[in-house]
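A short write-up of the structure that comes next.
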Amino acid sequence: MFGYRISWAQLAWFGHRLSGIGVLVYLFMHIVENATLAFGPDVYDFTQTLFRNLPIRLGEILLMAALVYHSLNGLRVIVMDFWPATTAWYRPLTYGVIIATIAAMIPLGLIMIAPYAPWGRIL
Amino acid sequence: MTAQGRRIWPVVGDPMRRNPSRAARARPVEPGFERFMWYFMRISGLLLVFLALGHMLIMHVLVALTGQEISFAFVTSRWGSPFWRIYDLLLLLLAMIHGVNGARIIVGDYVERGGLRAFLVGIMLAAAFVWLLLGILVVATFDPNTAKFVGPFS
Numbered sequence: 001m002f003g004y005r006i007s008w009a010q011l012a013w014f015g016h017r018l019s020g021i022g023v024l025v026y027l028f029m030h031i032v033e034n035a036t037l038a039f040g041p042d043v044y045d046f047t048q049t050l051f052r053n054l055p056i057r058l059g060e061i062l063l064m065a066a067l068v069y070h071s072l073n074g075l076r077v078i079v080m081d082f083w084p085a086t087t088a089w090y091r092p093l094t095y096g097v098i099i100a101t102i103a104a105m106i107p108l109g110l111i112m113i114a115p116y117a118p119w120g121r122i123l
Numbered sequence: 124m125t126a127q128g129r130r131i132w133p134v135v136g137d138p139m140r141r142n143p144s145r146a147a148r149a150r151p152v153e154p155g156f157e158r159f160m161w162y163f164m165r166i167s168g169l170l171l172v173f174l175a176l177g178h179m180l181i182m183h184v185l186v187a188l189t190g191q192e193i194s195f196a197f198v199t200s201r202w203g204s205p206f207w208r209i210y211d212l213l214l215l216l217l218a219m220i221h222g223v224n225g226a227r228i229i230v231g232d233y234v235e236r237g238g239l240r241a242f243l244v245g246i247m248l249a250a251a252f253v254w255l256l257l258g259i260l261v262v263a264t265f266d267p268n269t270a271k272f273v274g275p276f277s
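Protein chains in written order, with the working numbering: chain A, 1 to 123; chain B, 124 to 277.
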């Protein structure tokens, strides 16, 4: 994809862009979806039923992961931009962002997938 | 690593090193639109961490944990409070500007031709403006009593 050996720093940068585009595309869809509120309860409640299935739920979990990653990595960018001395730890900070994203997505993903999972409940 | 590469900031030479965060772009030196947007991305980003993550946590985690469901009645109750309307309007406004500026920067990185770049950015800005207006209208004018009107598409 890059044509050369990639580092975690480059992957973090690429992931920031990819997750940002993903969330932006979702935002456009989300505004259209919410605009059906103007047509009253029947239309809106019907629209919501279109979102209650496994593929959409998996997409929502992916959206949550994109948002968590983009947020944490964005905080790292802010910290490193405004406190340049912290760039000395850019590698552990980047690993930390990736590990924290995975760690946060374990409970969040479990809660979100619960209605569609064989066990069917959250706890 | 060269001695020059070890300097923290500002580092000259390799563009990847010149940027302190090594994740986004370096702060533009001249004051102006690009520098304003550099600051805007970071300030709005910090606010969006709370606004957007908070929104997702409420809608996808707390709603599930409390056994609720997102419906017209849920929205009516939620937007009955000015706090949530202002929260959602602020989230919408910041997310759209932050997102479209990010997309503009990505297009600028990959599209070299000035005409094509201006065309793509123009389309994105126009779409963002229309969608933002639609979003603001939906949040600001939502009224559960008048919303019973069924529009031309149903």
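Beta carbons are placed, not taken as given, at the ideal position from N, Cα and C, and that holds for glycine.
Only a predicted model underlies this, so the values are computations on that prediction, with no experimental measurement involved.
Distance, residue j Cα to residue i Cα
i: residue 21(A); j: residue 172(B); result: 16 Å
i: residue 239(B); j: residue 233(B); result: 11 Å
i: residue 178(B); j: residue 169(B); result: 14 Å
i: residue 28(A); j: residue 254(B); result: 7 Å
i: residue 176(B); j: residue 72(A); result: 11 Å
i: residue 17(A); j: residue 189(B); result: 34 Å
i: residue 69(A); j: residue 14(A); result: 12 Å
i: residue 35(A); j: residue 204(B); result: 19 Å
i: residue 133(B); j: residue 209(B); result: Legend: pLDDT at residue 133(B) = 42, less than 50; position of this residue unreliable, value from coordinates given subsequently. C-alpha separation (whole angstroms): 40 Å.
i: residue 200(B); j: residue 160(B); result: 36 Å
i: residue 264(B); j: residue 91(A); result: 47 Å
i: residue 26(A); j: residue 64(A); result: 11 Å
i: residue 58(A); j: residue 154(B); result: 43 Å
Beta-carbon neighbours of residue i, restricted to chain B and to distances below 7 Å
i: residue 17(A); result: 229
i: residue 6(A); result: The premise fails here: residue 6(A) is roughly 12 Å from chain B at the closest Cβ pair, so nothing lies under 7 Å.
i: residue 41(A); result: 195
i: residue 35(A); result: 257, 261
Beta-carbon proximity list for residue i, same chain, < 7 Å, skipping 5 on both sides
i: residue 77(A); result: none
i: residue 191(B); result: 197
i: residue 100(A); result: 72
i: residue 185(B); result: none
i: residue 52(A); result: none
i: residue 202(B); result: 208, 265
i: residue 222(B); result: none
9 Å Cβ cutoff, residue i in contact with chain B
i: residue 112(A); result: yes
i: residue 13(A); result: yes
i: residue 24(A); result: yes
i: residue 67(A); result: yes
i: residue 54(A); result: no
i: residue 58(A); result: no
i: residue 115(A); result: yes
Contact list for residue i against chain A, beta-carbon separation under 9 Å
i: residue 254(B); result: 27, 28, 31, 32
i: residue 168(B); result: 70, 71, 74, 75, 77, 78
Close Cβ partners of residue i (< 6 Å) along its chain, the five nearest in sequence each way excluded
i: residue 8(A); result: 94
i: residue 219(B); result: 251, 255
i: residue 79(A); result: 86
i: residue 227(B); result: 244
i: residue 224(B); result: 160
Residue i: contacting residues in chain B (beta-carbon distance under 9 Å)
i: residue 44(A); result: 194, 195, 198, 270
i: residue 103(A); result: Within 9 Å Cβ-Cβ: nothing; residue 103(A) doesn't reach chain B, min ~15 Å.
i: residue 50(A); result: Here the premise fails: no neighbours, minimum Cβ distance about 12 Å.
i: residue 21(A); result: 222, 225, 226, 229
Beta carbon proximity, residue i to chain A, threshold 9 Å
i: residue 216(B); result: no
i: residue 150(B); result: yes
i: residue 160(B); result: no
i: residue 172(B); result: yes
i: residue 135(B); result: Its pLDDT being 44, under 50, residue 135(B) is placed unreliably in this model, and the value from its coordinates should be taken loosely. Not an interface residue.
i: residue 213(B); result: no
i: residue 277(B); result: In this prediction, residue 277(B) scores a pLDDT of 37, lower than 50, which makes its location untrustworthy; the coordinate-derived value is nonetheless stated afterwards. It does; some Cβ of chain A falls within 9 Å.
i: residue 176(B); result: yes
i: residue 201(B); result: no
i: residue 163(B); result: no
i: residue 147(B); result: yes
i: residue 249(B); result: no
i: residue 131(B); result: Reliability fails at residue 131(B), whose pLDDT of 41 lies under 50, so the model's placement of it is uncertain and no value is given.
Contact list for residue i against chain A, beta-carbon separation under 7 Å
i: residue 179(B); result: 64, 67
i: residue 156(B); result: Correct list: empty, because the minimum Cβ distance to chain A is about 18 Å.
Cross-chain neighbours of residue i in chain A, by beta carbon under 8 Å
i: residue 184(B); result: 108, 111, 112
i: residue 265(B); result: 37, 38
Cut-off 8 Å between Cβ atoms - residues of its own chain near residue i, not counting five sequence neighbours on either side
i: residue 258(B); result: 215, 219
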